[in-house]
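Engineer: In the working numbering, the protein residues as written are 22 to 134.
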Amino acid sequence: MHELALSQGIIDVIREQAAVQGFTRVKTVRLVIGTLSHVEPEAIEFGFDAVSRGTIAEGATLAIERPPGEAFCLSCEKPVPLAERFDPCPDCGGHQLVVTGGEELRVKELEVE
Ligand SMILES: [Zn+2]
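#1: Let's test the definition: count the other Cβ atoms within 10 Å of the Cβ of A71 and tell me whether it reaches 16, buried, or not, exposed.
#2: Would T45 be called buried (16 or more neighbouring beta carbons within 10 Å of its own) or exposed?
#3: Quick one: which unbroken alpha helix (DSSP H) runs of 4-plus residues sit fully inside the region 41-125? Chain order, please.
#4: Short of 6 Å in beta carbon distance, which residues of its chain neighbour E125, apart from the five on each side in sequence? Order them along the chain.
#5: If we ignore side chains and look at the alpha-carbon of each, how far apart do I35 and G114 end up?
#6: Is V34 near ligand 1, in the sense that its beta carbon is under 7 Å from a heavy atom of that ligand?
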């Protein structure tokens, strides 16, 4: 149900933007879902489909970007790619990592008419 709540949150963002910008129809919703965010894009699509019915976002296409995980390794003192949250550093094998990217979940842009 996590994704359903998130989908509802996306609709809330769209409603707020519609009130501010005065658009009446949303064609595309560009979402950023980081690969470390533990959110399934398919589940968001499914949830969005359900909660958007009867709203100005009904029938809108979801365009989902999946930025990869990124961390800063304190041992290597440099940024490294991170496939999974608790993976070791790909360079030194250490766990002194600070996650710096890939956890985001946000509405990046709305294409409206
Ligand atoms: Zn390292």
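For every residue, glycine included, the Cβ atom is placed at its ideal position computed from N, Cα and C. As the structure is a prediction and not an experimental result, all values here were calculated from the model.
Structural biologist: Reading from the atomic positions:
#1: Sequence index remark: in the sequence shown, residue 71 carries index 50 (1-based). Exposed, because fewer than 16 other Cβ atoms sit within 10 Å of the Cβ of A71.
#2: The residue you call residue 45 lines up with position 24 of the sequence shown. T45 comes out exposed.
#3: Counting whole runs of 4 or more residues, the region 41-125 contains the alpha helix (DSSP H) stretches 62-72.
#4: The residue given as residue 125 occupies position 104 in the sequence shown. Excluding residues within five positions, the ones whose Cβ falls inside 6 Å are V53, G55.
#5: Counting from 1 along the sequence shown, the entry for residue 35 is found at position 14. Counting from 1 along the sequence shown, the entry for residue 114 is found at position 93. Distance between the alpha carbons of I35 and G114: 43 Å.
#6: The count along the sequence shown starts at 1 and reaches residue 34 at position 13. It does not: the Cβ of V34 is nowhere closer than 7 Å to a heavy atom of ligand 1.
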